[in-house]
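Working notes, beginning with the structure itself.
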Amino acid sequence: MKVRGISVFNEKPIEVEVKGGFIENINLLLKSDQNLPYISPGFFDLQVNGYKGSDYSLEDFLEEHLKNIITELAASGTTQHIP
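Each residue of the sequence shown is one higher than the last, beginning at 33 in the working numbering.
Right, dumping it as structure tokens:
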């Protein structure tokens with residue numbers, strides 16, 4: 033899979049090649065005819081009490097709550113977090 037966007041590090045258009053869930057290559061594009069989104073590393077949230085209806089302080093906190101928090105955070109760009 034190839035993803036095109038603007039690097040948050042230098043504001044230049046890049047193409048990121050992903051294979052098997054890992055970044056294989058990052059190539060600088062000479063020009064871009066599209067209005068591209070920014071591409072950045074995943075975010076790390078230092079304190080998460082809960083997210084989208086699941087809360088770490090629930091008395092009956094279950095594995096399904098943890099999976100929901102992780103899935104929803106990942107969908108918003110957060111790749112790691114600390115409860």
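We put the CB at the ideal spot given by N, CA and C, even for glycine.
Item: Taking C-beta to C-beta, are residue 82 and residue 101 nearer than 8 angstroms?; Value: yes
Item: Could you please give the first and the last residue of the uninterrupted alpha helix (DSSP H) stretch that includes residue 101?; Value: 95-107
Item: Mapping the DSSP letters down to three states, classify residue 34 as helix, strand or coil.; Value: strand
Item: Just how far apart, CA to CA, sit residue 70 and residue 38?; Value: 4 angstroms
Item: From the DSSP output, which residues share a beta bridge with residue 45?; Value: 38
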